[in-house]
Structures are given as C-alpha cells and as structure tokens.
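The next block holds one structure in the form of structure tokens; read it before the comments.
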Amino acid sequence: LFREWLGSVEWGLDATHRREVVGQLLAENSVGGEDSWEAGLDALLDRIVFFKEGMEVECDLFEEFLVVFESLKRALLSFRGEATLAVWADRLETLVAEFLFADADDEGAHTFRQLLTQLRQSALRLGEELFPFALVEQFLRKESQGELHASQLHAVRFASLEEGSLLPAKALFLVGMDEESFPLKEQASSLNLVKKGSPSLSDQGRYQLLQALFGAGNFLRISYSHLSKQEGKEVGVSLAIQELLSALGPLPIITTLSSRPHRSERPLFGSEPRVQLPQGEVVIPIRDLSALARHPWKFYLQKKEGLFIEDERQDTFAFLKSRILRSSLQKPLEWEELPRGIVGEALRLEIEEERGDWEEVMEAAGARPLVNLPLTDFIFPVREGLTVRITGEIANVSPQGLVIPANDQMESLLKVWPEALIVAIVQNSSQILCLKTGKSRPINEPQESLRKFLEYYFCALEVPSPLLPEWADGLLRRGPAALEKKLKGSRWEDPVFDWVAARYTLPSAVALCDSWGPHLQEVFAHLTALYPTRGKGAHAEV
C-alpha cells in the first residue's frame, strides 16, 4: 500500500542528500530532488490536505508511517562520523530495540547479540580509538552461522480470495468476513451489457470461499469486524458464512471478542522480590539502569516481555520544551523543532526565560563546564564472583557532580539515582544540583548504594518492581496510608500505567508495603535519608 502511495519515490531523503551521495561522481546541479522522499511525501500530503483527485489515502495509517519514518531518520543520524566500537554497539542495540522485534530464540537475534559482545570486547583492547560505521557494517553483512530450516520458509502467507491466489495450508485464517465486505455486491446499471446468466460478483465470491475451505488442511478460523468502517454501526457476519454455519450444524465455535482487553486476576507483581544474581562479568548499559529508575514497569515490559508501548506524549509541547531545555545545557538552543507562529514564539520566550534562570543557578553553584562522562572501563564488583561492566555515557556532569533540570524532590532524584551514584564514584564528587530549585543534595556512601541498586536491577528483571517514582514516598517513607492515596489518585498521563492497569489487578497499598517495602527501603536507604519524614511529634536528623 505504501509503495502504491509513494510510487514516485526512488531514492534519497531530499535534493541535498542526493547531491551528497553522488557529488563525487556528478556535477552538483545535475541531481535534483524530484523523486526523493521529501518530494514524494510533500506531494502525498498536498493530495490529502487539498482533496486532490487520485488514490484514496488512509490518513491514520499514513500518519503512523510518517511517525516511524521520521523517527528512523533521526535515529540514523547518529551513525554518521566516527566513534568507539563500544559506542557503535550501544547505538546499534538502541536502534534494534526501538524499531525491530525478534524471538529471543531466533538464530539471527543470537548472532546479533554475539556481534555486540565482540564489539564491546574489542573496544576494551582498542580503548578510545575511533572508527567509521562502515567498519562495523562489514560485520553486519556477514552470513549468520546458524541454519534456516525449510519449515521456517514461507511460514505465513497473505493472499486475497481471488481465484488462483490461495495455496493449500495447514492453518487457514479468513479475515474481514463481514456482511458489508464479503461477498462483493454489484451496482445495478443500465450500462452493464454483460449477458444475464453470467456469474455475479456474489456468486464468484461464494465459489472463491468454497475453494478456500478446501485449501484448509487442519485448522480454519473465520473472523470479522462487528462495526462498520463507514458509520460505526454494528454489522453481522457475511451471509455466505451464515449459510455455511447452518449447513455444518453445532460444530463451529463462535467467540465474540470485546474491544476491551482481558483483565487478569493474577497480580503483575510477585508476592515478594526475588534476587538471583548471575556469575561472572555482566555488561549493563547505563541507559538500562536509568530506565529502571525512571519507570520499572516500562523497563520490565521491554527487557523481559519485548513489549514497547507507544507514548503519544512525546509529540506534545511539554515534551518538546523539556527536550530542547535539556539539550541546551551543553550546547546552544535549537529552535528548528519549534512550531511556527504565535505558539512557537510564546514557547521560545518561555524556554529562554527558564534557560536564563538555570544559567544563574549553575554560575552560583560553580557547576561549569557541563560535559558527558564516558563509561569505557567502569567495572564494579557487586558480590564475590559477580562484576558488572557499565557502558555508555552520562550527560550533564559538572565538577561538583550530576546536574538535573528538576525540583529538589525524592521523586526527581530517584529517576537519576544510578547515574548520580556512578558520577560520585568516578569523579569523587558527591553533589546533585537541582536546577529548578537551585538546591544541592549530598550523596553518602555511593559505593554501597550502587551495589544495592545493581542487586535491585537483577531482581527487577525477574519480577517487576512497583517502585514508580510517583509511589516512592509511600513505599519508601510514609507507608500504606500515603500509598493508598496515590493508588486511588493515580490519574497522571502514563500509557504504560494505563496498559498495565487495564490488564492486571493492582495489589492493595498494604500488600505492596508488606511485600516490597522492606526490600526497597534497604536498597534506597541513602536516598530516603536525604528526605527525612517530618510529622507531628516526630524528629529527624540529617
């Protein structure tokens, strides 16, 4: 379908990109952008916006395609230039995790993981030596060492019901068999000169259905959408299918699927945390530790279940503003991403004002310059027989410690806790500067805190942790009563929370505090010590 919509596209993102590719061979002006992606997408958007005649375009489906296309285009920009082999491995792993999915037992996925391991091992020997991606690409093009069995070839085949399209299959699925879509109906017309008695579209459809039924070897399933595409009204199964069912008698199993997901009575969280530490050296990207701290549910679903839930909030102005502000801590502001017009101008003024406040805070705290801290040889002993090599880099690091564009709250520090601990160990600097409030917090015993967090990481891989940052106060400090208020008032916009809550029964606040509270309080003891509970008749020491 996309090929039909974008038939005019041949190659190249735009005219500039095409000239970059062939500029060494041809004169610069000899290559235009008439059949580039940019020109093809612009032409298609014009057809949609101005209702130009031509093929019909499903706007929602095209929007999904555009989102993936633009995301992929941005991701591929990181593969320009030169980098260390460890950095190339991290970027490849991120790209695959975002855009591809593979069975964990698939031979290709196994070969890819071996490649990443080889790149990181080579990086240890070569140090900070830089290489172009073309070098890594040679390894990607090598043939897989495994075998592709004949049973895996053409395992799933899609075809229409047209005569000659279907081939015999062990399992046959007939999709879209509703009364509006099948069989096709002819429109009566006085211009139709075909002789009476010739097969109608309805008769042809019934004959094609009969051919399909005889092509099913062991299994047949027929499904249809119960709502009309045009009007949204309820529709029934095709009349031809109804006739088939009446002829078969009580044999078929008919199931009506609800549009709401099935809600499991099994809780998402285990009765208690389980810690099973591996042996030897384990490589963990810093982004995985950060993902666990920011959202343990999302971390578990992606790492353990391979589920990536789409987050539409990334296209909002709030996320756009936050992204520009964060990136501006180490480089000039980039306004290209802002929308045009009065809204974009208002957002620009707001960003400049907040950016100015942050500059004053950093100057007063002496938190300049801000740099990225690379983790090339950071090896941390967790327990006897287990060491962890943490890879990647940490942004916004000052001579005094980590700088975060957030408020001075336990929830904010929890999201960057592993990064702050590693910075404190590597630089021997024990401060976290919160730009929105201008306050700093000290980190005590970062070595012990990191050891506990890494044990928590292996636990969270086996059983999803309930420690959402929004629930941290109740789980770590105030207990069931405070957590119960959060459970009842959990209305923040979070697609992962909504997805889980729609499918699993969330445990009570008392059950969570009893099962997970002691373990989490031990792991984050030095974090909670920075924010002692103060209540009536209570006192605390910092």
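Under our numbering, the sequence shown is numbered contiguously, ending at residue 1283.
No residue lacks a Cβ here, since even glycine has one placed at the ideal position from N, Cα and C.
Going by DSSP in three states, residue i sits in which element: helix, strand or coil?
i     : result
N770  : Since pLDDT at N770 reaches only 48, below the 50 mark, its modelled position is unreliable, and the value read off the structure follows with that caveat. Here N770 sits in helix by DSSP.
S966  : coil
Y1245 : strand
S1256 : helix
S943  : helix
P924  : coil
P873  : strand
V1211 : The amino acid occupying residue 1211 in the given sequence is Glu; Val does not appear at that position. It is helical.
P1221 : helix
E1091 : helix
Q1172 : strand
A784  : helix
K1229 : helix
G958  : strand
E1104 : helix
V1283 : Confidence at V1283 is low in this model, with a pLDDT of 33, below 50, so its placement is unreliable and the value that follows should be read with caution. Three-state DSSP puts V1283 in coil, outside helix and strand.
Q1096 : Residue 1096 is actually Arg in this sequence, not Gln. Correct three-state label for R1096: helix.
Q1071 : coil
R1035 : helix
I1050 : coil
D1235 : coil
C1194 : Note on identity: in this sequence residue 1194 is Phe, with Cys being the wrong assignment. F1194: helix per DSSP, three-state reduction.
V762  : helix
A900  : coil
P849  : According to the sequence provided, residue 849 is Gly. The question's Pro does not apply to it. Here G849 sits in helix by DSSP.
W752  : coil
L907  : coil
What residues are listed by DSSP as bridge partners for residue i?
i     : result
V1138 : V1112 and L1143
R688  : The displayed coordinates of the chain run from 742 to 1283. Any statement about residue 688 would go beyond what the structure contains.
E823  : P873
R1182 : I1173
E975  : L968
L913  : L961
D919  : V978
Relative to the alpha-carbon of residue i, which residue among the options has its alpha-carbon at the smallest distance?
i     : options                       : result
L1111 : Q1141, R1124, E834 and P924   : Q1141
F810  : L782, T835, V877 and R962     : L782
S1068 : A864, A843 and W1099          : W1099
K1227 : L950, S1256, R947 and D1214   : D1214
E1051 : T757, E775, D1239 and L817    : D1239
K1180 : L867, G1021, A1105 and G1133  : A1105
G1021 : L742, P1205 and R1130         : R1130
I1284 : L1088, S969 and G1047         : The shown model of the chain, from 742 to 1283, leaves out residue 1284, and the question about it has no answer.
D1177 : E870, N1148, S964 and V763    : For clarity, residue 1177 is Lys in the given sequence; the question names Asp instead. It is N1148 whose Cα lies nearest to the Cα of K1177.
F1119 : L1208, I1145, K1045 and I1025 : I1025
Y965  : K974, G956, S979 and F955     : S979
P1221 : L1253, L1209, R1028 and R882  : L1253
R744  : D787, H758, V798 and G822     : V798
I1184 : L1143, E1211 and V1204        : L1143
Suppose the cutoff is 8 Å on Cβ atoms and the five residues either side in sequence are ignored; what does the same chain contact list for residue i look like?
i     : result
T1269 : M1151, L1217, R1218 and Q1262
A953  : L902, L907, L913 and L915
P1019 : L1127 and F1199
K1039 : A1032, I1050 and V1237
E940  : The sequence given here has Pro at residue 940, not Glu. If we look at P940 and ignore the five residues flanking it on each side, its Cβ neighbours are Y948.
G917  : F923, S964, Y965 and S966
Apart from the five residues on each side of it in sequence, which residues of its chain come closer than 6 Å, Cβ to Cβ, to residue i?
i     : result
E769  : Note that E769 has pLDDT 47, beneath the 50 cutoff, so the model's placement of it is unreliable and the number below is only indicative. Same-chain partners within the cutoff: R760.
G977  : E920
V1264 : K1193 and Y1197
P1115 : E1134
L826  : L860, S863 and A864
Can you give me the Cβ contacts of residue i inside the same chain, cut-off strictly under 7 Å, excluding the 5 residues immediately before and after it?
i     : result
L747  : G781 and L785
E1186 : H1267
E751  : D776
F820  : R832 and F874
R947  : P924 and A981
V1016 : E1196, F1199 and C1200
Review point. Is the stretch 1162 to 1176 close to the stretch 1235 to 1254, with three or more CB pairs under 8 Å?
Key: With a cut-off of 8 Å, the stretch 1235 to 1254 and the stretch 1162 to 1176 do not count as touching, because too few Cβ pairs lie within range.
Check your understanding: Using 8 Å as the Cβ pair cut-off and three pairs as the minimum, do the stretch 1129 to 1149 and the stretch 1032 to 1042 touch?
Key -> no
Check your understanding: Between the stretch 1156 to 1169 and the stretch 1084 to 1101, do three or more beta carbon pairs fall short of 8 Å?
Key -> no
Practice item. Answer yes if the stretch 846 to 860 comes into contact with the stretch 896 to 903, meaning at least three C-beta pairs across the two stretches below 8 Å, and no otherwise. Key: no
Review point. Okay, do the stretch 905 to 913 and the stretch 862 to 870 touch, 3+ Cβ pairs below 8 Å being the bar?
Key: no
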